[in-house]
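K.L.:
Let me begin by handing over the structure; questions about it come next.
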């Protein structure tokens, strides 16, 4: 299963790069493969510029790559990673398997439910964008990339090309939906509303987005007198884009002030909910870390107390906590290694650090003049692009599923 999963995420981008190589764009093999891996992993980092003048078929292919990558990510997150016990994901194997056993005994019903949910969100997003004034071509392209939390656009100015608050707010809502566990949508289709409304991960996810957006909006209103509605909608859109690892930008938020730049750097690591199309470290791992911190404080105050960890009404085992902590450590260690390699290749500190972070978390844009919201990855040397491609794959495969293949025990077993 490990080999099959890793191989699929290598060969699919390889074949997806062929239309780009065979086009009239004159892309190098490195650039075509970078664009393809970034698309299929829904990272959204691009080496292509002049998007406003590219042929429609190329723009649509980029959108399709991300949309297909999104459904593949959902399937992997719900059906494969939990049973491989990757990074605490075993916690969600119980939820998805319990539902399939009690409600629909056949596994293919879950697959059909996931596809139906994904299609419903996609068509809903297309219709919403179209109703708000996008032409049909842009509505289709951006819906494919919004629901998949991919982030490619049809313009160099990303979603800033529309300059319409209603479109940005609608995009924020659909990015949030793309960052929510999809098996809960399947339950919703089956008439089970309560699991979606009571999920602790979703509650934390939504509260976090609106809190950070409010902080940034107030900062901008106070700092440069931005109109309140503009400040909040743009803040919510860009915060949601980074946390869900979509990678859209409505403005160059690196110009919003030092506090905002620091916040966006840390937001790069967060990610959406487990079982969604989002990348990053995932909300539930931060929640487990906070549970562990509270437990340790309680043990200091009450050394003899018996403390049970609960999450979403379930007791959390030591195995799940240990796996989650191990993932977090490996994520940060890999980030340091990738950033060091990029720096050794001649990139500046900001580009090296944020490039490594955005690739591992599958976010898209980094920070700085080169790879920030207003730039792209074309100026980077080819060696740096290959390093970032590897980082994108590692991040999308949750790191441990790749590293386990380098263990001698894996091959002996």
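Numbering (the working numbering), first residue to last: 20 to 432. Beta carbons are placed, not taken as given, at the ideal position from N, Cα and C, and that holds for glycine.
Take residue 160 as the anchor and find which of 301, 34, 87 and 246 has the nearest alpha-carbon.
P.N.:
As a position in the chain shown, residue 160 is number 141, starting the count at 1. Cα-wise, what sits closest to residue 160 is 87.
K.L.:
Throw me the rounded Cβ distance for the residue 201 and residue 137 pair, which I believe falls under 8 Å.
P.N.:
Within the chain shown, the letter at position 182 stands for residue 201. Within the chain shown, the letter at position 118 stands for residue 137. About 7 Å separates the two Cβ atoms, so the contact holds.
K.L.:
Select from 22, 24, 59 and 25 the residue whose C-alpha is nearest the C-alpha of residue 36.
P.N.:
Numbered from 1 along the chain shown, position 17 holds the residue referred to as residue 36. The shortest C-alpha separation from residue 36 is found at 59.
K.L.:
Assuming the contact rule is C-beta atoms closer than 8 Å, residue 263 and residue 168 should be a hit. Round their C-beta distance to whole Å, please.
P.N.:
On the chain shown, residue 263 is found 244 positions in, with the first residue counted as 1. On the chain shown, residue 168 is found 149 positions in, with the first residue counted as 1. Right, their Cβ atoms sit about 5 Å apart.
K.L.:
Could you give the distance in angstroms between the alpha-carbon of residue 383 and the alpha-carbon of residue 267?
P.N.:
Position 364 of the chain shown holds residue 383. Position 248 of the chain shown holds residue 267. Between the alpha carbons of residue 383 and residue 267 lies a gap of roughly 8 Å.
K.L.:
Under 7 Å from any heavy atom of the ligand MN, does the C-beta of residue 76 make it?
P.N.:
What this structure holds is no ligand at all, so the ligand MN is not there to describe.
K.L.:
To the nearest whole angstrom, what separates the beta carbons of residue 372 and residue 353, a pair I think is in contact under 8 Å?
P.N.:
Translated into the one-based positions of the chain shown, residue 372 becomes position 353. Translated into the one-based positions of the chain shown, residue 353 becomes position 334. About 13 Å separates the two Cβ atoms, so there is no contact after all.
K.L.:
At 4 residues or longer, what runs of the alpha helix (DSSP H) sit wholly inside the region 307-375?
P.N.:
337-363
K.L.:
By Cβ distance, which residues of its chain are closer than 6 Å to residue 215, with the 5 residues on each side in sequence left out?
P.N.:
In the chain shown, counting from the first residue as 1, residue 215 sits at position 196. If we look at residue 215 and ignore the five residues flanking it on each side, its Cβ neighbours are 203 and 207.
K.L.:
Can you tell me whether DSSP reads residue 85 as helix, strand or coil?
P.N.:
The sequence position of residue 85 within the chain shown is 66, counting from 1. It is helical.
K.L.:
Distance, Cα to Cα, residue 164 vs residue 145?
P.N.:
Within the chain shown, numbered from 1, the residue matching residue 164 stands at position 145. Within the chain shown, numbered from 1, the residue matching residue 145 stands at position 126. C-alpha separation (whole angstroms): 11 Å.
K.L.:
Determine whether the beta carbon atoms of residue 289 and residue 298 lie at a separation below 8 Å.
P.N.:
Within the chain shown, residue 289 is the residue found at index 270, counting from 1. Within the chain shown, residue 298 is the residue found at index 279, counting from 1. Cβ atoms of residue 289 and residue 298: not closer than 8 Å.
K.L.:
Which word fits residue 412, buried or exposed, when buried means at least 16 other C-beta atoms lie within 10 angstroms of its C-beta?
P.N.:
Counting from 1 along the chain shown, the entry for residue 412 is found at position 393. By the neighbour-count rule (16 or more Cβ atoms within 10 Å), residue 412 is buried.
K.L.:
Do residue 284 and residue 386 have their beta-carbon atoms positioned less than 8 Å apart in this structure?
P.N.:
Sequence index remark: in the chain shown, residue 386 carries index 367 (1-based). Sequence index remark: in the chain shown, residue 284 carries index 265 (1-based). Cβ distance < 8 Å, so residue 386 and residue 284 count as in contact.
K.L.:
What is the DSSP secondary structure of residue 417, reduced to helix, strand or coil?
P.N.:
Taking the first residue of the chain shown as 1, we reach residue 417 at position 398. Three-state DSSP puts residue 417 in coil, outside helix and strand.
K.L.:
For residue 360, I'd like the list of residues in its chain whose CB is within less than 6 Å of its CB, leaving aside the five on either flank, ordered along the chain.
P.N.:
For the purposes of this step, residue 360 is taken as residue 341 along the chain shown, with counting starting at 1. Excluding positions up to five away in sequence, the list reads 406.
K.L.:
Buried or exposed: residue 315, going by 16 or more other Cβ atoms within 10 Å of its Cβ?
P.N.:
Taking the first residue of the chain shown as 1, we reach residue 315 at position 296. A residue is called buried once 16 or more other Cβ atoms fall within 10 Å of its Cβ, and residue 315, having fewer, is exposed.
K.L.:
On a CA-only basis, which of 154, 209 and 249 is nearest residue 185? Give me that one, please.
P.N.:
By 1-based counting over the chain shown, the position of residue 185 is 166. It is 249.
K.L.:
Taking the alpha-carbon positions, what's the residue 211 to residue 218 distance?
P.N.:
Here residue 211 refers to the residue found at position 192 when the chain shown is read from its first residue. Here residue 218 refers to the residue found at position 199 when the chain shown is read from its first residue. Taking the straight line from one Cα to the other gives about 12 Å.
K.L.:
Indicate whether the contact test is met: 3 or more Cβ pairs, each with one atom in the region 394-405 and one in the region 300-310, closer than 8 Å.
P.N.:
These segments do not touch.
K.L.:
Could you tell me the alpha carbon to alpha carbon distance between residue 396 and residue 49, rounded to whole angstroms?
P.N.:
Your numbering for residue 396 matches position 377 in the chain shown. Your numbering for residue 49 matches position 30 in the chain shown. Each residue's Cα considered, the two are about 12 Å apart.
K.L.:
From the DSSP output, in three-state form, read off residue 285 for me.
P.N.:
Residue 285 sits at position 266 when you count from the first residue of the chain shown. Residue state, collapsed to three classes: helix.
K.L.:
Could you please give the first and the last residue of the uninterrupted alpha helix (DSSP H) stretch that includes residue 51?
P.N.:
Working through the chain shown from its first residue, we reach residue 51 at position 32. Residue 51 -> alpha helix (DSSP H) spans 48-59.
K.L.:
Considering only their Cβ atoms, is the gap separating residue 220 from residue 339 smaller than 8 Å?
P.N.:
Counted from its first residue, the chain shown places residue 339 at position 320. Counted from its first residue, the chain shown places residue 220 at position 201. No, the Cβ-Cβ distance between residue 339 and residue 220 is not below 8 Å.
K.L.:
Using alpha carbons as the reference points, say which of 187, 228, 231 and 46 lies closest to residue 252.
P.N.:
Mapped onto the chain shown, residue 252 falls at position 233. The residue with the shortest Cα to Cα distance from residue 252 is 187.
K.L.:
Are there 16 or more other CB atoms within 10 angstroms of the CB of residue 376, so buried, or fewer, so exposed?
P.N.:
For the purposes of this step, residue 376 is taken as residue 357 along the chain shown, with counting starting at 1. Buried, because 16 or more other Cβ atoms sit within 10 Å of the Cβ of residue 376.
K.L.:
Touch check for the region 315-332 and the region 225-242: three-plus C-beta pairs under 8 Å?
P.N.:
no
K.L.:
Thinking C-alpha only, which one of 393, 362, 417 and 390 is nearest residue 351?
P.N.:
Within the chain shown, the letter at position 332 stands for residue 351. Nearest of 393, 362, 417 and 390 to residue 351, Cα basis: 417.
K.L.:
Quick check on residue 28: buried or exposed, where buried means 16 or more other Cβ atoms within 10 Å of its Cβ?
P.N.:
Here residue 28 is taken as the residue at index 9 of the chain shown, counted from 1. By the neighbour-count rule (16 or more Cβ atoms within 10 Å), residue 28 is buried.
K.L.:
State the Cα-Cα distance for the pair residue 292 and residue 381, rounded to the nearest angstrom.
P.N.:
Looking up residue 292 in the chain shown gives position 273. Looking up residue 381 in the chain shown gives position 362. The alpha-carbon atoms of residue 292 and residue 381 are separated by roughly 14 Å.
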